[in-house]
Amino acid sequence: MIIRTVLRVCLLSSSLVLASKQCDAADDEGLPSRVKLGSQDAGVNDKSDIKIYVDRPTSYKNDLVLIKLRTRLNRTQLSENVSIANLCHPYDLLGHPQFFAAGYSYNTQKNEGCKKYTMELENLNLNECKNVKMTRQIEDLATDQSHLCLRPIPTFEIKNECSKCLTATSSVLHVQRRDGSQCVAGIATPTNDECIEDESPLYFTNILTKSVSDFFNGE
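As numbered in mature numbering (1 follows the signal peptide of the UniProt record, and there is no 0), residues -25 to -1, 1 to 194 make up the sequence shown, in order.
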């Protein structure tokens, strides 16, 4: 099942959103015209959700895109559900940090999004991701700390119609610090658009590198 509509994004400022390359398109017809922020359930249109028109995305190495909001978010809109991402520092990745992915689950039968979820991940050696399915060629994949290789930690849960598709829904990578607070360190690398429902390793793009930082700070 290929997913193209329900993606998790990272709000960098009141006017900039960082997202997966999946938010881009080869032609104008497929480009996103709006983003929806603050949604707790991708399958529900809530009145509290914020929908804003956007400009054409700027691409980074066939991996990430930067999207500019045509209207800045105001203080009222920046609430508990919509907040500017607290980006990690590179030292937050040192040692043995706790990693969590946040994304939207997906109903592959109805081809529609479901509620938000979080999932703990295990940090692996990059070699563990060498067999990741690649249907999109990512420039400079897994070079100079550009990417992380992680694997979902299995947990018992009641089966339902919605699956936790980490790559296909562009999940955002969080690090839990020692004080209990969380920060954002990456976005699921768009190696493919399929909903993979097992505990296989996957890449996350490290957004703390100088290269990525220069990309979104230059806009």
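We put the beta carbon where it would ideally sit given N, CA and C, even for glycine.
Only exposed fits D154, as fewer than 16 other CB atoms lie within 10 angstroms of its CB.
In this structure, DSSP gives L(-14) a state outside helix and strand, which the three-state scheme calls coil. Secondary structure note for K185: its alpha helix (DSSP H) is the uninterrupted segment K185 to N192.
Between the alpha carbons of H71 and L12 lies a gap of roughly 31 Å.
Under the three-state reduction of DSSP, Q52 is assigned to coil, being neither helix nor strand. Taking all protein chains shown into account, N181 has 16 or more neighbouring C-beta atoms within 10 Å of its C-beta and is therefore buried. Per the C-alpha coordinates, the member of Q73, V(-9) and H149 positioned closest to S34 is V(-9).
Under the 8 Å Cβ criterion, the region 110 to 124 does not count as touching the region 19 to 34, having fewer than three qualifying pairs. Close CB contacts of L141 within its chain, under the 8 Å cut and outside five residues either way in sequence, are with A76, G78, M94, P127, A163, I171 and L177 (chain order). According to the DSSP secondary-structure assignment, R9 is paired through a beta bridge with Y28. Of S(-11), S(-13), C137 and V(-17), the smallest CA-CA separation from Q(-4) is found for V(-17).
In this structure the region 96 to 106 does not touch the region 42 to 55; the number of beta carbon pairs closer than 8 Å is below three. Collapsing the DSSP output to three states places E103 in a helix. V150 is not a Cβ neighbour of L39, given a cutoff of 9 Å. Counting along the chain, Y81 sits inside the beta strand (DSSP E) bounded by residues Q73 to N82. K91 and T118 have their C-alpha atoms spaced approximately 31 Å apart.
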